[in-house]
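Note sheet for the following structure.
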Amino acid sequence: MSVDLTEKSLVQWFDETERHKCGYCKSPNGSVSIGMWADTLTVEDYQNLIDRGWRRSGKYCYKPTMDETCCPQYTIK
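Numbered by the UniProt record's numbering, the letters in the sequence shown go through residues 1 to 77 in order.
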């Protein structure tokens, strides 16, 4: 029996807060986010993430922690 993953999202959640150098103010650990690797992501699931403030860089999806990050970024639609 084979499993059809063409209509499913497959992600690996990281249960920790990540701190990185901020690309705006250059604070060494000022950029704070949560994230996950998305091996596969349906269009519907990706849109749901975008609508909730998530961003994507390749297969890595992340959401800035606005109340902790040094330079909050807000999506304008």
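The C-beta atom is built at its ideal place from N, Cα and C for all residues, glycine as well.
Cross-strand partners of residue i (DSSP beta bridge)
{"i": "Gly-35", "result": "Phe-14, Tyr-62"}
{"i": "Ser-57", "result": "Tyr-60"}
Straight-line gap, residue i to residue j (C-alpha atoms, nearest Å)
{"i": "Cys-22", "j": "Ile-50", "result": "21 Å"}
{"i": "Arg-55", "j": "Lys-26", "result": "20 Å"}
{"i": "Asp-45", "j": "Tyr-74", "result": "20 Å"}
{"i": "Gly-30", "j": "Asn-48", "result": "27 Å"}
Candidates the options: closest to residue i by CA position
{"i": "Gly-35", "options": "Leu-10, Thr-75, Cys-61, Ile-76", "result": "Cys-61"}
{"i": "Glu-68", "options": "Ala-38, Asp-45, His-20, Gln-47", "result": "His-20"}
{"i": "Thr-40", "options": "Gly-53, Met-66, Val-11, Asn-48", "result": "Val-11"}
Check whether residue i and residue j have beta carbons under 8 Å apart
{"i": "Pro-72", "j": "Ser-33", "result": "no"}
{"i": "Lys-59", "j": "Ala-38", "result": "yes"}
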